[in-house]
Amino acid sequence: MTCAPTPGTFRLLDAYVGWDQDEVRDIVGFADPDGIRLAHPGAAPEGPTRSQLLPWFPDSCLAPGCQRCVWFLIAGSRLLRRDTCADSWTPVFPCNEGHIGCAERNKGHIGCTEDEVGATAVAARGHRLAVVCSDRVLVWRNEGEQLAGVIRARDASFVALAPDDEVLVARWGSADLRRFTSGGRRLGVIRTGVTGEIVGLITGPRRSIWLLTDEDTRLQIHVSEHGGPFRTATLDELAAAVPASALVSVSDEGFCLRENGHDGPVTSCYTWEGEPREAEPPLRDQYVLDGSMVTTQIDSGISRCRWHRVRLDVDLPPGTAVTVGIVVSENSEFEDSDWQTAPPGTTDFLVDQPPGQYLTLRLTLTGDGSATPVLRRIRLDFPRVTSADLLPPAYRQDPVADDFTERFLSLFDATMAEIDRVIERYPALLDPAGVPDRVLPWLAGLLGLSFEAGWDAETRRALVAAAPMLYRRRGTPWAVKEAARIVFGVCPVIEELAADRRWAHTGGSGPGLGSVRLFGRSSSRFRIGGSSLGGAPLRTFGNPDTDPLTAHAHRFRVLLPAGAADEQALRRLVERQAPAHTVGSVRVGGSGFVVGSRSTVGVDTAFVPLPPPVLGGDRPLRLGRDGVLRPGPRGQRRGVSVGVVSAVGVHTQMS
């Protein structure tokens, strides 16, 4: 038990603290955080069992194909193929005279001679197919349409098809693997160094080779990756690296496949001849029927301690049960009749034992053979503290009544303890980074936030975390930018339209008049005698003298590149974040580039080299930047209008 500055009030039994087991029978998993469970029968009580490995190491007469629902089956002297998602098996080799691997009177015959024992193993990968026939291995392409080669391998047991047109062959009584090409040319030998008999051989991704060995009925998984040495692997590693097949059970009568159908998983069972049969009941020999454990004496550190409560964190599948017995002693001595045993399946009960410093726990797991209970943790509470301690002494004078009162009030104390624990953990519900996803809308409601359906959990967490700063700076350009960045992952450009008012110009250091176009009041409101016809808007409201201050006031525009965000969603976000006295608009780039009108760098512009200047010599001038046009030395020139003081040859020149 971990030392603490304050006296302990409970003791845990689990994989992290320890189970303090003293006597154990048919229970395994004491170092597994998932919990302890019943053992498997046989020499490998912790597994893996043969049934657990079937999806990856099927029976040697079965092999999954490269397509969904395709399987190959050796049925006597025939090789059958299960069509895609069909319930029937058809021979791979049609009965045509002269067809490779087909005999005259044996439809689908594999091609093993009379002197050979017959086909013993099959493997498939891509369009290649291989069958072991005692002292040779037959390899076909196009799933049996073309014989690629015959590999001579005495006492061949298993075969696997590897990348680069390679074939791996295992032999009975040997731990080495022979490498061949599909045509039968020998490539070398792989020294695996494993112990035991090879009873399974497959290949996986990253040029990996997986072996299943049997050593004194103990199954072991081995793997070699990228041509490296073989090492021991776990079932979890195999499941993560190699996809599981649909094979779920194998027996003397046949086998079963569980595949996904239109209405969910569908189990199909067949005989070893490929004929349909009824589904098998669940296997009853997966686990032992019962197991037990007795702990060492658990020390409370308190003399004459009144142990209070026992709680179990356990999963109980149908047909399983957990039984707990305890005994308390002061000097480590007790009789068999002193044990207190809770009813089977009880996961929370009070200790009804005399005071004592030590507690011994006896645990019994039972099942029907097809499933096992999984016990993750046991919690022992001490010393006994109930709400009866708050009653006046007059209510506790009778020992029998006092015991009943304590046990009766403990029922309510247990419920109150759960409520108190929720209250203690309540501050954790205010942490946006740690609360469950389903709590985020409730947490946002406390802050006055509302989420849209399209926002994922990470976006919602970021908004809740940034809410204090967003509220503090709400109504500012920074807040609008930050909200858009969190929701859409891109920082927009915000233009305040009032900043576009240009009523004057400033002189530049270069030649010309500066970088600001020259115009005055007559361009913002039509004025008689000062504005050109069609060059200024006609307005009947407001004071013309305040136009420089009121033009585009309280208006702003949010700009984003094309495809950066949903425009409608961005509009809704801007409306919620904009100050009440302002009007915001949203524009997404991509509609073109017009100099001086609706052009924003990074939104709908691209920087390209300027064309070469024409005017200015060593100090070139560019129109619109640092130069304006004015009449030349000969005065202002006008264009030609037909019929208005125009004469051919005088005012015009034909070219």
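The opening position of the sequence shown corresponds to residue 493 in this note's numbering, with each subsequent residue numbered one higher.
Backbone N, C-alpha and C define an ideal beta-carbon position, used for all residues, glycine too.
C-beta contact flag for residue i and residue j at 8 Å
i, j, result
"A567", "G783", "no"
"V1080", "L1052", "yes"
"Q845", "V820", "yes"
"L1062", "F980", "yes"
"R869", "G817", "no"
"R953", "L939", "no"
"L711", "P550", "no"
"S666", "A648", "no"
"T759", "A771", "yes"
"L921", "L941", "no"
"S700", "V715", "yes"
"L962", "A976", "no"
"D579", "P768", "yes"
"L703", "I682", "no"
"S824", "Q789", "yes"
"T787", "D524", "no"
"A535", "T709", "yes"
"A736", "L693", "no"
Residue i (DSSP reduced to helix, strand or coil)
i, result
"Y762", "strand"
"F943", "coil"
"S716", "strand"
"N752", "strand"
"W485", "Any property of residue 485 remains undetermined from this structure, which presents the chain solely from 493 to 1147."
"Y508", "coil"
"I978", "helix"
"R1049", "strand"
"S1007", "Only weak support exists for where S1007 lies, its pLDDT of 47 falling under 50; the value from the coordinates is given anyway. S1007 falls in the coil class under three-state DSSP."
"Y779", "coil"
"W664", "coil"
"W934", "helix"
"G1081", "coil"
"G521", "coil"
"P919", "helix"
"K599", "Its pLDDT being 43, under 50, K599 is placed unreliably by the model, and nothing is read from it."
"P810", "coil"
"L882", "helix"
"F990", "This sequence places Ala at residue 990; Phe is not what is there. Of the three classes helix, strand and coil, the one that applies to A990 here is helix, per DSSP."
"R888", "helix"
"E745", "coil"
"S700", "strand"
"G649", "The sequence as given places Ser at residue 649; Gly does not occur at that position. S649: strand per DSSP, three-state reduction."
"F502", "strand"
Where the alpha helix (DSSP H) through residue i begins and ends
i, result
"Q544", "R542 to L545"
"V816", "Looking at the DSSP string, V816 is not in any alpha helix (DSSP H); the run it does join, the beta strand (DSSP E), is A813 to S821."
"Q1069", "E1059 to Q1069"
"S902", "P891 to E916"
"T612", "Segment A611 to R617 is the beta strand (DSSP E) holding T612; no alpha helix (DSSP H) there."
"E950", "A949 to R964"
"P556", "Taken as a continuous stretch (DSSP letters only), P556 belongs to no alpha helix (DSSP H), being part of the beta strand (DSSP E) at L554 to P556."
"E729", "L727 to A733"
Strand pairing of residue i, partner residues [DSSP]
i, result
"L679", "None, per the DSSP bridge assignment."
"D840", "R803"
"R710", "E707"
"V985", "L1051"
"Y850", "D791 and S821"
"W632", "L621 and L639"
"Q513", "T787"
"L571", "I566"
"R769", "C761"
"L855", "M785 and V816"
"L669", "A662 and I682"
"L530", "I519"
"V1075", "R1047"
Chain D within 8 Å of residue i, Cβ atoms only
i, result
"M908", "In the structure shown, chain D does not exist; there is a single protein chain."
Residue i CB to nearest heavy atom of the ligand SAM below 7 Å
i, result
"A909", "As presented, the structure is devoid of all ligands, the ligand SAM included, so that no description of it is given."
For residue i, the first and last residue of its enclosing beta strand (DSSP E)
i, result
"P583", "W581 to P583"
"E689", "E689 to G696"
"D657", "That residue, D657, is in no beta strand (DSSP E); it is neither H nor E in DSSP."
"G566", "The sequence shown places Ile at residue 566, not Gly. Start and end: W563 to A567."
"L867", "V866 to D873"
"V740", "L739 to V742"
Validate contact between the segment 832-844 and the segment 785-796 using beta carbons, cut 8 Å, 3 pairs: no
Segment contact, 8 Å Cβ cut-off, at least three pairs: the segment 725-742 with the segment 540-548: The segment 725-742 makes contact with the segment 540-548, as at least three CB pairs between them are under 8 Å.
Three CB pairs or more closer than 8 Å across the segment 641-648 and the segment 661-681: With the cut-off at 8 Å, the segment 641-648 and the segment 661-681 touch.
Segment contact flag, the segment 519-537 with the segment 864-883, C-beta cutoff 8 Å, min 3 pairs: yes
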